[in-house]
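A short write-up of the structure that comes next.
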Amino acid sequence: MPTVSPTLLPILMLFASNVFMTFAWYGHLKFKESPLPMVVLASWSIAFVEYWLAVPANRWGSAVYSAAQLKTMQEVITLVVFACFSVLYLKEPLGWNHALGFAFIAFGAFLIFHKWA
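This is the structure in structure tokens:
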């Protein structure tokens, strides 16, 4: 296992994997004139890199976090990455309803990570 903290490494790797996956799934929306088979192949190529990050992140992260915690982290990270991607790359604004929805998801994440007595 690499020398980065075992609690931090999976988080960093999940962030990186989500950047790749977001581009794989949504990056082509700026290139709607490209043929769909070419877009699918390009997306698969990008997603291949994502898997090389996500699978080890979950494997190494399972030494520190439960599967539910890892999945919750991944979902929250996905929303953060997608929100940035949507605003910065796709130039689509986020509204109050997005913020409220994200807040509910963040509350759900809090419940997953909170240790009840």
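In the UniProt record's numbering, the protein residues as written are 1 to 117. We treat Cβ as the ideally placed atom computed from N, Cα and C, and that holds for glycine.
Same chain, Cβ closer than 8 angstroms to residue i, five either side skipped, listed in chain order
i, result
"phenylalanine 113", "Gln69, Thr72"
"proline 10", "Ala57, Asn58, Trp60, Gly61, Val64, Tyr65, Leu70, Met73"
"glycine 108", "Thr72"
"residue 129", "This structure does not reach residue 129, given that the chain is present from 1 up to 117, and the question cannot be answered."
Nearest-angstrom beta carbon gap, residue j and residue i [assumed within contact, 8 angstroms]
i, j, result
"leucine 90", "leucine 29", "6 angstroms"
"alanine 24", "serine 43", "4 angstroms"
"alanine 106", "valine 76", "7 angstroms"
"phenylalanine 104", "tyrosine 26", "Contact flag wrong, Cβ pair sits at about 22 angstroms."
Spatial neighbours of residue i in its chain, beta-carbon cut-off 7 angstroms, leaving aside the 5 residues before and after
i, result
"threonine 7", "Val64"
The ligand MG heavy atom lying under 6 angstroms from the CB of residue i
i, result
"alanine 54", "For the ligand MG, the structure offers nothing, since it holds no ligand at all."
Own chain residues within Cβ distance below 6 angstroms of residue i, not counting five before or after
i, result
"valine 39", "His28"
Notebook entry, point to check: Is there contact here, the segment 15 to 25 with the segment 66 to 85, by at least three beta-carbon pairs under 8 angstroms?
Noted result: The segment 15 to 25, when compared against the segment 66 to 85, does touch it at the 8 angstroms Cβ threshold.
* To do: Specify whether the segment 49 to 64 and the segment 19 to 31 touch according to this definition: at least 3 beta carbon pairs, one from each stretch, less than 8 angstroms apart.
  => These segments touch.
**Item:** In chain order, each alpha helix (DSSP H) run of at least 4 residues that lies wholly inside the segment 48 to 85
**Value:** Fully enclosed alpha helix (DSSP H) runs of no fewer than 4 residues are not present anywhere in the segment 48 to 85.
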